[in-house]
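Engineer:
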Amino acid sequence: MELYTLLRQFADSWVLLVLTLFFLGVILWAFRPGSRPMHDDASQIPFRNEQPAGRDRDDRPDRDSNPRTDNPKGHENV
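In UniProt numbering, the protein residues as written are 1 to 78.
1) Where does the unbroken alpha helix (DSSP H) through GLY25 begin, and where does it stop?
2) Would DSSP call PRO52 helix, strand or coil?
3) In terms of residues, what are the limits of the alpha helix (DSSP H) holding PHE10?
4) Determine the extent of the alpha helix (DSSP H) in which SER43 is found, giving its start and end residues.
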């Protein structure tokens, strides 16, 4: 029996079985009962840094008018 034929038969039978079991394991792991909070949290990642609806960027106070840094005498705040 040639090496190629041996490897081909091995790949056709055992590797197919191993990859099928791996696929089923990944599917079962992804849909396990306790994973819903983790998937809900991961689904909200793109929206975490968005501003709430109805608030524009112009509604925020300017950096120049920060009361902690505005000092009329020119002294630094400590």
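Note that beta-carbon positions come from the ideal geometry of N, C-alpha and C, so glycine has one too.
Structural biologist: According to the data block:
1) On the sequence shown, position 25 is the one that residue 25 refers to. Looking at the DSSP string, the run of the alpha helix (DSSP H) that includes GLY25 is 16–30.
2) The sequence position of residue 52 within the sequence shown is 52, counting from 1. When DSSP states are grouped into helix, strand and coil, PRO52 belongs to the coil group.
3) The residue you call residue 10 lines up with position 10 of the sequence shown. Note, PHE10: alpha helix (DSSP H), 3–10.
4) As a first step, residue 43 is located in the sequence shown; it is residue number 43 there, counting from the start. Looking at the DSSP string, the run of the alpha helix (DSSP H) that includes SER43 is 36–43.
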